[in-house]
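> My questions all concern the structure below.
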Amino acid sequence: MAESALIMAEKALKLAASAVIMDEAAQKLAELPLITAKTSVIMAETAVIMAETALKMAELALKMAESGLIMAESAVKMAESALKMAETALIMAETALIFKKKF
-17 MAESALIMAE
-7 KALKLAASAV
3 IMDEAAQKLA
13 ELPLITAKTS
23 VIMAETAVIM
33 AETALKMAEL
43 ALKMAESGLI
53 MAESAVKMAE
63 SALKMAETAL
73 IMAETALIFK
83 KKF
């Protein structure tokens, strides 16, 4: 009888240990949604940072394009000035030829 009681006590102890293990597992499972939620928040924050970075890059690209346009306009004006200078030089050369023929 004492032996049976000892066996029953052993089984009860194992059952209690199993209950503790199951309780710990249940607690860890209960923490998973919180961890998932925190991960989702971090991912959302990262997405916002990436969107802000993309916006800043787009703004920079726009400024670079504007600068390129200004530089292109300046190049056109310089080319126009060079053309006018060439036309003036041509007129001066023609005038010099006319004077050379007369004198």
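Residue numbers for the sequence shown follow our numbering, so the first one is -17 and each next one is one higher. Using N, Cα and C, we set each Cβ at its ideal position, and we do this for glycine too.
Can you find a heavy atom of the ligand SAH that lies under 7 Å from the Cβ of K45?
This structure lacks the ligand SAH, and indeed carries no ligand of any kind.
> Which value, in whole angstroms, describes the spacing of the CA atoms of T28 and S56?
Within the sequence shown, the letter at position 46 stands for residue 28. Within the sequence shown, the letter at position 74 stands for residue 56. So the alpha carbons of these two residues sit roughly 42 Å apart.
> Just reading off the alpha helix (DSSP H) that M120 is part of, what are its end residues?
This structure cannot settle anything about residue 120, because the visible part of the chain is limited to -17 through 85.
> Nearest-angstrom Cα distance between A40 and V23?
The count along the sequence shown starts at 1 and reaches residue 40 at position 58. The count along the sequence shown starts at 1 and reaches residue 23 at position 41. A40 and V23: Cα-Cα distance of roughly 26 Å.
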